[in-house]
Each structure stands twice: as C-alpha cells, then as structure tokens.
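Protein chains in written order, with our numbering: chain A, 1 to 414; chain B, 1001 to 1142. Reviewing the structure listed below.
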Amino acid sequence: MQKGVLDVEKIRQDFPILQRKVMGGKPLVYLDNAATTQKPLAVINAISDYYKNYNSNIHRAVHQLAEEATIAYEDTRKKIAKFINAKSTDEIIFTRNTTEAINLVAYSWGRQNVKKDDRIVITEIEHHSNIVPWQILTQEKGAKLEYVGVGDDGYLKMHEYRDCLDSNKVKLVSVSQMSNVLGTITPVDEIIRSSHEKGIPVLIDGAQSVPHMPVDVQKMDCDFMAFSAHKMLGPTGVGVLYVKRDILEKMPPFIGGGDMIKEVHKYETRYNDLPYRFEGGTPNIADVIGFAAAIDYLDNLGMDKVREHEVDITKYALDRISGVKGVTLYGPANVNDRGGVVSFNIGDIHPHDLATIMNDHGVAIRSGHHCAQVLMERLDVAATSRASFYIYNTKQEVDKFIEALNEARRLFKI
Amino acid sequence: MSDDIYREIILDHYRNPRNKGKMPEADVSIHDSNPLCGDEIDIHLRVDGDKIKDIKFEGRGCAISQASASMLTEMVMNKPLTSVKDLTKDDILESIGLLNLGPARIKCALLSLKVLKLGMVKYYADRDPDSAKKLQEDTRAL
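Written out as structure tokens, the structure is:
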C-alpha cells in the first residue's frame, strides 16, 4: 500500500470497530463520518476508566474522587481551548451537541439582542440546527430570517451576502464553515471581516470543519463557534460552544439550576462565574473526559495532516466516481475548496435504495436530506447519497465503494 | 439481500407507476411523509357507496415506497371499503413480495398503506367514528 501523509494502517489498529465484519462476513467500510466518526480505544478506555475508578460528581464535593473527576473534566476544557486557540478556558462552554450550542446562543444572546424587524442572516447550505433555532427566535420577536444563496457550483453567492449586510437591521450572521452535504468550505474570514466592519457578530457552525482542518478562533475572529465531540472521534452527548469573553459576560443564563449559581435565595439568584453560568445541572462528565482523549489523538496526528489526508482521499474518490456512468456530483469541483464529503445521485436510483445495496457490500454511506432540506429544495432533489471520509479511510475502501456503486447500476439496469 | 428486493416487478412499478397523478374531484385526499427517508405519498380516493371507485397517488421517494404505493392502488381499486379497512402490514409485504426488508426500510414499504388508512380515517370521521378510531390506531403500528 502506498504510504500517505498519515499511517492509516497503524491508525486503523486503534479502532476496534474497524475490525468487525458486517452483513455476513464483509469487512466494514465506514463512509458515514460526517454523521458521526468511530471512536479509538483511547476514548473508550478514558470513559470506562472514569466509571471504574473515579466516578463522582464534579465542582462541589471535597472528597478525592470528586477532585479527580473535576480535574479531568476541566482538563478537557483546557485542551479544547488550546485546540481551537481560544484566549481563555472561560470561553468554552460544554453543551450536549452543536444543536444545543446554537440554541444556547439563540435563547440567551438572541432573546436579549434581537428585536422586532431585526434580521438574522444565514445561508442555504445550513444544517437544520443552524436554521430552526433562528426561525423560532425570529418568529418570536417579529424579526426576519434572510438567506444567502448557493450557486450551482456549490459556492455561496457572496454578492447576496454583501447585499444582506447593506441593511442596518442585521443583528447576527450565522454560517457553517463546511457544508455537511456539498463539502463546501465557506470563506469565513471574508464573511467575518465584512460583518465586523458593520459591527455585526458572527456565529460559525464548526460541526464539520473543526474535526477535519486546523481551526483558530482568534485568527478567524468569530464571535461564536459551535461543534460536536462525536464528529471528531469523541463520544456522543458532548458539544462545545465558544463565545468571545466580552460577549459571554453580557449573556443571560440559558438553563437555570444547579452548578450555574453562586447563591440561591427565595426570589433571587447570583449566578456563577464564566463558563459555569452556562452549564446548569450535572454535565455529561464521563463523555467530556472521553473527549479529551479524542483531542489528544487528533493533536498527535496534527490537524494539518488530517486535512491533507482527506484532500488526498477525496480527490481520489471524486476522480473515480466521475468515471461512473449516470453519476451527478454536488459541491465544488476544486478539492481544495471542499471537505471530505462526496454527495451524489446516480441515474434514477433513490439514495435509500442505493444505501441498501451498498450495505449488502458492507459499505456504510448516508442517504437522505442530511438535515439540510433547504439545500435539497435549492438543488431540487429529494435526497442525495453521501460518502464522507476520515483519518482511517483508505483508497482501497474507496475502490470497494465504487464496486458497490457499479453493482447498484447493474441491479437498476443503468 | 438487494437482489431479492430490486426485482423486475419493483423496478417496473417504480419506473412506470400505475394510478399515479392528481384527482381534483377526490372525496378524500391525504398526505404523509417518512421523516427518516423523506419519502412522500399523497393518496386521493373517490368512494362510491361502500366501494373505492377510484384511487390515485402522488409522491416521490425510493423505489420501495413508490413501487409499493403503485401496487397498493392496484390492490384496492374497486374493492369494498370494509375489506380495505382490514388490510394488515403483512398483507402488503406479502403481496409486494418484500417480506425480508430490514427495519429501516420496512417503513418505506408501508408508507402508502399508512396514508391510505389515514385517508379512510378522514372518510369515516363523521360517518363511522368507531371505524375511524380503529383505523387511527392501526396507523400507529405502521
């Protein structure tokens, strides 16, 4: 096998699930990484180590277990701050997932700052998690939601974005850094710069970008960023919200309860310091601790190398799939402008039928609207099929995927 | 496995659906979708006495959902409502020859039956509330 930028064969040994067989003895070819990635043993062990050896609630009790658990939980926060280059750990809030992180901004910052007739600008490529919270907010406030369109080439229509900003009513721009369907990497630097010129804060949905490329929130200068642990080797049930400190300080709490308070009296409460003010209730301690092992794993590989590996395998996949008769590809043609996501349709085979046939061959792909129905309407398709890659995928797996695709063509006589 | 699912007859109904189209003078029209896959089915009925006089469907989705809708319309055309009312999940799967579908895809095959039953709930709502109630319960199991 040709050695690439990552030692993929060695990496694969760290993922127990990649050794398993599916569908009566076929090796698993897991190409649904944009939905969730597999977990290395280090992450699985970190979680079970916590439950076996120092399970305890955090931040309150003074016994040894609580102290160990608190240190491990807070260590994850430090690692995340470093991973995305936040100025301070106070700017890192744990949530359940990206969706909850965006909702936190909508309910806390949004309710405080968005008024009647104000506008919130998003784009046609957004995931439902970056659409629905803003629909709820704008409907509640009598504000307006505006969309920046996406061209047939998969790129955002930046002239529409600039037109949107001409209105002095825009209160927030919220945009994904990488489309989970088209793979498009959006020009966030330009988006943030031009928004800031008008004094408008920007939220970046980093659910697809943070796991796959180096991200530096200070350099980017975004005001909010949301992402999920489970899309970057970590456990489900942990999300991260980054918020610039000066904004976070003025935000009212989102979830009231334990851990987010300093003092509670009958009719009033003094809230806790940052970032605890936004983490009401016992958090997902075990999975936050597991997430630290995922960050360590990615740090050891180096995010620049992760990105390089994905560009390489995506380029190979795009080259091979373009040679398959009847295939329509979505997203930018230039692999440097897209993440490791290949969305497509083939002939009149519905993506769900295709995924069923692929599954027979042990190939796991995603089919459907990918929680991006606004984009599906824009593309005028009911659904697409999507193969998405990560650090452990090989070109041989891409070959198996292409074989399965040809098998589907045979069954459907295309 | 896929060879058993995507047989000639399924592909034929998928590509040449029977009784597909609009019905402006329908007695009942009903729409439902499968949020998992995004399959969509509309069913339009004309009822004459106790008989389905005409049925048409519209929809988009996978071969399984669209072919089974097409086959279902053939099954119930000109049939008495009383017999259609009692159609079960197994009746459908058996007659379309898809008894081996996995749990993820079975909902595709049963979407049209669900929509048909929902249509009959609407039809029976005032005429026969007891039947409507029973049909409503049936649809929850689909």
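Glycine included, every Cβ here is placed at the ideal spot set by N, Cα and C. All figures in this text were calculated on a predicted structure; none of them were measured in a lab.
DSSP state of residue 40(A) mapped onto helix, strand, coil: Taking the first residue of the first sequence as position 1, residue 40(A) is located at position 40. In this structure, residue 40(A) counts as coil in the three-state DSSP scheme.
N-terminal and C-terminal residue of the beta strand (DSSP E) that residue 124(A) is part of: Looking up residue 124(A) in the first sequence gives position 124. Membership of residue 124(A) in any beta strand (DSSP E) is not indicated, and neither H nor E is assigned to it by DSSP.
Inter-residue Cα distance where the pair is residue 296(A) and residue 208(A): For this step, residue 296(A) is matched to residue 296 along the first sequence. For this step, residue 208(A) is matched to residue 208 along the first sequence. Straight-line Cα distance between these residues: approximately 19 Å.
Limits of the beta strand (DSSP E) - the one that residue 1054(B) falls within: What you label residue 1054(B) is simply residue 54 of the second sequence in a count that begins at 1. Looking at the DSSP string, the run of the beta strand (DSSP E) that includes residue 1054(B) is 1051-1060.
Through-space distance from residue 239(A) to residue 100(A), alpha-carbon basis: Within the first sequence, the letter at position 100 stands for residue 100(A). Within the first sequence, the letter at position 239 stands for residue 239(A). C-alpha separation (whole angstroms): 8 Å.
Below-9 Å beta-carbon distance, residue 1127(B) vs any chain A residue: Taking the first residue of the second sequence as position 1, residue 1127(B) is located at position 127. No, residue 1127(B) does not count as interfacial toward chain A.
Chain A residues whose Cβ lies nearer than 9 Å to that of residue 1097(B): Position 97 of the second sequence holds residue 1097(B). Within chain A, no residue comes near residue 1097(B); the closest Cβ sits about 16 Å away, beyond 9 Å.
Counterpart residues of residue 255(A) in DSSP-defined beta bridges: For the purposes of this step, residue 255(A) is taken as residue 255 along the first sequence, with counting starting at 1. The secondary-structure analysis by DSSP pairs residue 255(A) with nothing; it has no beta-bridge partner.
Rounded separation between residue 407(A) and residue 357(A) - CA only: Start at 1 with the first residue of the first sequence, and residue 407(A) comes out as number 407. Start at 1 with the first residue of the first sequence, and residue 357(A) comes out as number 357. The alpha-carbon atoms of residue 407(A) and residue 357(A) are separated by roughly 8 Å.
Start-end ranges of the alpha helix (DSSP H) lying completely within the stretch 28-103 of chain A, minimum 4 residues: With a minimum length of 4 residues, the continuous alpha helix (DSSP H) runs that stay inside the stretch 28-103 of chain A are 41-49 and 64-83.
Sequence-distant residues of its chain with Cβ nearer than 8 Å to residue 416(A) (five each side left out): Here chain A has residues from 1 to 414 only, and residue 416(A) is not among them.
Contained beta strand (DSSP E) runs [length at least 3] in the stretch 119-196 of chain A, N- to C-terminal order: The beta strand (DSSP E) runs lying completely inside the stretch 119-196 of chain A and spanning 3 residues or more are 119-123, 144-148 and 170-176, given in chain order.
Interface positions of the stretch 1071-1088 of chain B facing chain A (Cβ-Cβ less than 9 Å), listed along the chain: So the list is empty, because no residue satisfies the distance condition.
Neighbour list for residue 350(A) in chain B, Cβ cutoff strictly below 7 Å: As a first step, residue 350(A) is located in the first sequence; it is residue number 350 there, counting from the start. Within chain B, the residues 1061, 1062 and 1063 have their CB atoms less than 7 Å from the CB of residue 350(A), given in chain order.
Chain A within 9 Å of residue 1040(B), Cβ atoms only: As a working mapping, residue 1040(B) is identified with position 40 in the second sequence. Yes, because at least one Cβ of chain A sits closer than 9 Å to the Cβ of residue 1040(B).
C-alpha gap between residue 1068(B) and residue 347(A), whole angstroms: Working through the second sequence from its first residue, we reach residue 1068(B) at position 68. Working through the first sequence from its first residue, we reach residue 347(A) at position 347. Here the alpha carbon of residue 1068(B) sits roughly 20 Å from the alpha carbon of residue 347(A).
Interface flag, residue 1014(B) vs chain A, CB-CB below 9 Å: Translated into the one-based positions of the second sequence, residue 1014(B) becomes position 14. Output row for residue 1014(B): interface = yes.
Limits of the alpha helix (DSSP H) - the one that residue 1007(B) falls within: For the purposes of this step, residue 1007(B) is taken as the residue at position 7 of the second sequence. Residue 1007(B) -> no alpha helix (DSSP H), and no H or E assigned at all.
Any chain A beta carbon closer than 9 Å to residue 1003(B): Working through the second sequence from its first residue, we reach residue 1003(B) at position 3. Interface with chain A (9 Å Cβ-Cβ cutoff): residue 1003(B) is included.
Closer than 9 Å to chain B by CB, residue 357(A): Here residue 357(A) refers to the residue found at position 357 of the first sequence. Using a Cβ-Cβ cut-off of 9 Å, residue 357(A) counts as an interface residue toward chain B, since at least one Cβ of chain B sits closer than that to its own.
Same chain only: Cβ atoms within 6 Å of residue 1139(B), ignoring 5 sequence neighbours per side: Position 139 of the second sequence, counting from 1, holds the residue named residue 1139(B). Counting only Cβ-Cβ distances below 6 Å, and skipping sequence neighbours, we find 1114, 1117 and 1118.
Straight-line gap, residue 313(A) to residue 336(A) (C-alpha atoms, nearest Å): To locate residue 313(A), count along the first sequence from 1; it is residue 313. To locate residue 336(A), count along the first sequence from 1; it is residue 336. The straight-line gap separating the alpha-carbon atoms of residue 313(A) and residue 336(A) is approximately 12 Å.
Residue 1011(B): contacting residues in chain A (beta-carbon distance under 7 Å): Counting from 1 along the second sequence, the entry for residue 1011(B) is found at position 11. The contacting residues are 412.
Pair within 9 Å by beta-carbon distance, residue 1007(B) and residue 1097(B): Numbered from its first residue, the second sequence carries residue 1007(B) at position 7. Numbered from its first residue, the second sequence carries residue 1097(B) at position 97. Yes; because the gap between Cβ atoms is below 9 Å, this pair is in contact.
Assigned exposure category for residue 10(A) - 16 Cβ within 10 Å defines buried: Counting from 1 along the first sequence, the entry for residue 10(A) is found at position 10. Label assigned to residue 10(A): exposed.
Within-9 Å CB hit, residue 1105(B) to chain A: Translated into the one-based positions of the second sequence, residue 1105(B) becomes position 105. For residue 1105(B), the nearest CB of chain A lies under 9 Å from its own CB, placing it at the interface with that chain.
Minimum Cβ-Cβ distance from residue 373(A) to chain B less than 9 Å: Locating residue 373(A) in the first sequence gives position 373, counting from the first residue. By this cut-off, residue 373(A) is an interface position.
Cβ of residue 367(A) within 9 Å of any chain B Cβ: Walking along the first sequence from the start, residue 367(A) turns up at place 367. Contact with chain B is found for residue 367(A), since one of that chain's Cβ atoms lies less than 9 Å from the residue's Cβ.
Where residue 410(A) sits in the DSSP three-state scheme: Position 410 of the first sequence, counting from 1, holds the residue named residue 410(A). Correct three-state label for residue 410(A): helix.
Under 9 Å between C-beta atoms of residue 169(A) and residue 142(A): The residue given as residue 169(A) occupies position 169 in the first sequence. The residue given as residue 142(A) occupies position 142 in the first sequence. No, these two residues do not count as a Cβ contact at 9 Å.
Neighbour list for residue 1006(B) in chain A, Cβ cutoff strictly below 8 Å: Residue numbering aside, residue 1006(B) sits at position 6 when the second sequence is read from its first letter. The answer, in chain order, is 353, 357, 411 and 412.
Proximal chain B residues relative to residue 364(A), where beta-carbon distance stays under 7 Å: Residue 364(A) sits at position 364 when you count from the first residue of the first sequence. The contacting residues do not exist; residue 364(A) stays about 12 Å from chain B at best.
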